[in-house]
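Novice:
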Amino acid sequence: MKKTAAISDLLLELCFTTQDRAHLLASLEKVGQMLYIKSATVESILEKVPTNYADLLRHILNQLFSHPSADDLEQAVSLVTASAQKIESIELELAYIPSRSQVQALSETIRAKINPNSILSFSYKPDIIGGVILQNQGKTVDLSLKAALKYV
Amino acid sequence: MTTAQLILTLTILVTLVLVFQITLAGLLFLSWKRFKTDERALKYAAKKLSQQLLDIFRDVETESKNLILDTQAEAHQMLVNLPLISKTLEKNSQDLAETLKTWQRSELPKLQKTYTESIQKAIDITATQTDQALSHSIAAFEQALNSSLQEQLQTLSAERTKILTQTQTHLDGFTEQQKKEVASKAEAILTQVITNVLHTQLSPEDQHNLVLGQIEEAWQKGMLKS
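From first to last, the protein sequence lines stand for chains V and X. Positions 1136 to 1287 (the working numbering) are the ones given, in order, by the first sequence. Positions 75 to 300 (the working numbering) are the ones given, in order, by the second sequence.
Shown next as structure tokens:
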């Protein structure tokens, strides 16, 4: 349980959006495929994935195994995949396209206020004029200027 | 017993037998007579009944014949009139088609023209109002630039309501449907105008800060609890 919680924390540092998660899962899928190459070693595989994901897998392997093998890497990949899929997503509709730093800021705010174990899914909706429409676990909170203009 | 007594006894006996026979014969005669009377009455009644039945049959036959004759006469009349009726119907149909054609040629374009003109007039009014709305809204917005977003929204919303009300006052003589169409169009245009104004005024940085502020405010109000 503690291991899973630690993996989840590491993942949240890497993934702020559902797009980040999809990218991570695609890389893990690639690692899984490379495990079937006979001559492949742990390091030779990790060299072929983005550095931050490779570092994450290395960190997990070092924590769990003294001399990690390709089989151990497979186990680590499974653990990370399962943890990544468990992270809940919160949908935000915005009238602007946020920059990477703005995404991080929004993610930190949402994690602090709503759900610490969450990532964001963004939709660009210029017709809402401004503000945000937030959807979490089936509940919608409309804070858009379009709605505000109607009800002023 | 003496001869005289014997004769007397025999005489009495013979007399008694005769009396008995006469009585019996009388009774038989009376019975036969009664039977005869009943038979006559029955025969009479049967004859009367047959007569009445015959009368009824005759009446029915006469009525039937009359009815058949009447029906035949009517059918004949109808057959005679059929071409006439058919001709009348045909003529009516032709007249109707002609009327429809005339209406399509003359009245329909007129109606279409009137309707198009009405809608165009309504759109022109809306466009004029929208131009005014644009300048009003921008002026109002520029005036409100230094105030809070809430105040800016209030100003814009008030402007929109005012213009929509003014638009409606120009639509006397329009049908309810046309008024609705104009109102809907005007509202759509105004919303677009306000959206454009706000988009121009709010930079992505402003938008971002607004969203962060809104999330903070909503959290403080307890709106984000799942």
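No residue lacks a Cβ here, since even glycine has one placed at the ideal position from N, Cα and C. Being a predicted model, the structure only gives us computed values, none of them experimental.
#1: Taking just the CA atoms, how far does residue 1247 of chain V sit from residue 1214 of chain V?
#2: Hey, would you say residue 1145 of chain V sits closer than 8 Å to residue 1209 of chain V, going by beta carbons?
#3: In whole angstroms, give me the CA-to-CA distance for residue 1148 of chain V and residue 1282 of chain V.
#4: Report yes if the CB atom of residue 1253 of chain V is closer than 8 Å to the CB atom of residue 1224 of chain V, and no otherwise.
#5: Is residue 1275 of chain V helix, strand or coil when you go by DSSP?
#6: Would you mind sorting residue 83 of chain X into buried or exposed? The rule is 16 or more other CB atoms within 10 Å of its CB.
#7: Quick check: what's the CA-CA separation for residue 1176 of chain V versus residue 296 of chain X?
#8: Tell me the rounded alpha-carbon separation between residue 1191 of chain V and residue 1168 of chain V.
#9: The beta strand (DSSP E) that contains residue 1199 of chain V, what's its start and end?
#10: Identify the continuous alpha helix (DSSP H) that holds residue 1245 of chain V and give its terminal residues.
#11: Give a yes or no on whether the minimum CB-CB distance between residue 1191 of chain V and chain X is below 8 Å.
#12: Pull up the distance between the alpha-carbon of residue 262 of chain X and that of residue 268 of chain X, whole angstroms please.
#13: Between the Cα of residue 248 of chain X and those of X:194, X:284 and X:123, spot the shortest distance and give me the residue it belongs to.
#14: Specify the secondary structure class of residue 1226 of chain V as computed by DSSP and reduced to three states.
#15: Go ahead and pull the three-state DSSP assignment for residue 1151 of chain V.
#16: Do residue 1227 of chain V and residue 1269 of chain V come within 8 Å of each other at the CB atom, strictly closer than that value?
#17: Figure out for me which residue from V:1165, V:1236, V:1172 and V:1201 has the closest Cα to the Cα of residue 1185 of chain V.
#18: Residues in the region 1225-1239 of chain V with C-beta within 7 Å of chain X's C-beta atoms, listed in sequence order?
#19: Give the interface partners of residue 292 of chain X over in chain V, defined as CB-CB distance under 7 Å, in chain order.
#20: By the 10 Å Cβ neighbour count, where 16 or more other Cβ atoms means buried, how is residue 1187 of chain V classified, buried or exposed?
#21: For residue 1231 of chain V, count the other beta carbons within 10 Å of its own beta carbon; 16 or more makes it buried, fewer makes it exposed. Which is it?
#22: Quick check: what's the CA-CA separation for residue 288 of chain X versus residue 1201 of chain V?
#23: Can you tell me which of the three DSSP states residue 1259 of chain V falls into?
#24: Return the chain-ordered list of same chain residues with a C-beta closer than 7 Å to the C-beta of residue 94 of chain X, the five sequence neighbours on each side being excluded.
#25: Compute the beta-carbon to beta-carbon distance between residue 1196 of chain V and residue 1211 of chain V, rounded to the nearest angstrom, for a pair I have assumed lies under 8 Å.
#26: What separation, rounded to the nearest whole angstrom, lies between the Cα atoms of residue 1239 of chain V and residue 257 of chain X?
#27: Identify each residue in the region 261-287 of chain X for which the Cβ-Cβ distance to at least one residue of chain V is less than 9 Å, and report them in chain order.
Specialist: In this structure, then:
#1: Between the alpha carbons of residue 1214 of chain V and residue 1247 of chain V lies a distance of about 25 Å.
#2: In this structure, residue 1209 of chain V does not lie closer than 8 Å to residue 1145 of chain V by Cβ.
#3: Cα-Cα distance, rounded: 34 Å.
#4: Contact annotation: residue 1253 of chain V and residue 1224 of chain V have beta-carbon atoms nearer than 8 Å.
#5: Taken through DSSP and simplified to helix, strand or coil, residue 1275 of chain V comes out as strand.
#6: Classification of residue 83 of chain X: exposed, given that the 10 Å Cβ count is below 16.
#7: Cα-Cα distance, rounded: 52 Å.
#8: Looking at the backbone, the Cα of residue 1191 of chain V and that of residue 1168 of chain V are separated by about 18 Å.
#9: Judged by DSSP secondary structure, residue 1199 of chain V falls outside any beta strand (DSSP E) and instead within the alpha helix (DSSP H) spanning 1186-1199.
#10: That run of the alpha helix (DSSP H) goes 1235-1248.
#11: No, no contact with chain X.
#12: C-alpha separation (whole angstroms): 10 Å.
#13: Of the candidates X:194, X:284 and X:123, the residue whose Cα lies closest to the Cα of residue 248 of chain X is X:194.
#14: Residue 1226 of chain V falls in the strand class under three-state DSSP.
#15: Three-state DSSP puts residue 1151 of chain V in coil, outside helix and strand.
#16: One thing to note: residue 1269 of chain V has its Cβ within 8 Å of the Cβ of residue 1227 of chain V.
#17: Here the closest residue by C-alpha is V:1165.
#18: Cβ contacts with chain X: 1229, 1230, 1231, 1233 and 1237.
#19: By Cβ distance, chain V contributes 1276 and 1278.
#20: Result: exposed.
#21: Buried: at least 16 other Cβ atoms inside 10 Å.
#22: Approximately 48 Å, taken between the alpha carbons.
#23: In the structure shown, the three-state DSSP call for residue 1259 of chain V is strand.
#24: Cβ within range, chain order: n/a, list empty.
#25: The pair is a contact, with the Cβ atoms about 5 Å apart (cut-off 8 Å).
#26: For residue 1239 of chain V and residue 257 of chain X, the distance between alpha carbons rounds to 43 Å.
#27: Cβ proximity to chain V below 9 Å picks out 265, 268, 269, 272, 273, 276, 277, 278, 279, 280, 281, 282, 284, 285 and 286 from the region 261-287 of chain X.
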